Amino acid sequence: MLGQPGLRRFVLLPALGNIVLFALAAGVALWGLESALDAWLPDQASWLRWLLFPVLILALLVGTLFAFTVLANLLLGPFLGLLAAKVNERLGGPAPPPGAGFLPDLARDTGLELRRLGYILLCTAGVLLLGLVPVVNLVAAPLGLLLTAWLLAMEHAAHALGLRRMSLSEQLGFLRLNRLGVMGFGFASMGVLLVPLLNLVLLPAAVCGMTLFVHERLPRTPDPE
Numbered sequence: 060m061l062g063q064p065g066l067r068r069f070v071l072l073p074a075l076g077n078i079v080l081f082a083l084a085a086g087v088a089l090w091g092l093e094s095a096l097d098a099w100l101p102d103q104a105s106w107l108r109w110l111l112f113p114v115l116i117l118a119l120l121v122g123t124l125f126a127f128t129v130l131a132n133l134l135l136g137p138f139l140g141l142l143a144a145k146v147n148e149r150l151g152g153p154a155p156p157p158g159a160g161f162l163p164d165l166a167r168d169t170g171l172e173l174r175r176l177g178y179i180l181l182c183t184a185g186v187l188l189l190g191l192v193p194v195v196n197l198v199a200a201p202l203g204l205l206l207t208a209w210l211l212a213m214e215h216a217a218h219a220l221g222l223r224r225m226s227l228s229e230q231l232g233f234l235r236l237n238r239l240g241v242m243g244f245g246f247a248s249m250g251v252l253l254v255p256l257l258n259l260v261l262l263p264a265a266v267c268g269m270t271l272f273v274h275e276r277l278p279r280t281p282d283p284e
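The numbering of the sequence shown is the numbering used here, which starts it at 60 and goes up by one.
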């Protein structure tokens, strides 16, 4: 959908913003690793740098790219929301409910983003704490992968679900009802995130994909009792 006439201009700004943030992520990861190795490795063990650097930079880049993907969703939210609205309109989805005005909508959207950020931090902290407990920490790594897929899908779905003025609890309810599809989408996003160049268009592509996902499944989602 990225190259369709009428959508390209709404893809351009998120894609450019994503490129800038990914470049910053790579720069921060590289600078941080260089500084850490300079501080931790004595001069006599400098040869270890060439053994540790490739492995550490890969692990650090994966973590940093995920963090910057979440940050990009927050910073580029207005542009991604506009892209989701245009895709939803093209799919013939329901029109968003009328807003209450610029300031009330801004306050609502800001509050929703802060609650979503709190949810992300709470889940991440839980997995990190599990990693500190002996024996239990064996499940921390697979749980971390599952959590990463879930959070990526949640972030990408937020713009389409936001068009329906859904609260965070309502959004999470929809995602849980469609858990298998959501996790598959999240793992696909993780895979694309690791592919150089292709990951630069992940953000707008995932927003288009999740808008289609929501459009296909939301009408079949039962109303909460």
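We put the CB at the ideal spot given by N, CA and C, even for glycine.
No experiment lies behind these values; they were computed from the predicted model shown.
The C-beta separation of A184 from G245 comes to about 19 Å, leaving the pair out of contact by the 8 Å criterion.
Taking 8 Å as the cut-off, the beta carbon of A154 is found no closer than this to the beta carbon of T270. Segment contact: the stretch 71-85 against the stretch 134-142, three or more CB-CB distances shorter than 8 Å; contact assigned. L236 and F81 do not touch by the CB rule: their CB atoms are close to 32 Å apart, not below 8 Å.
With contacts defined as CB atoms closer than 8 Å, H215 and A265 qualify as a contacting pair. Residue burial annotation: R238 is exposed, with fewer than 16 other C-beta atoms found within 10 angstroms of its C-beta.
M242 and R174 have their C-alpha atoms spaced approximately 21 Å apart. Less than 8 Å divides the Cβ of F233 from the Cβ of L277. L61 has its alpha-carbon roughly 45 Å from the corresponding atom of V192. Boundaries cannot be given for Q63, as no alpha helix (DSSP H) includes it and DSSP labels it neither H nor E.
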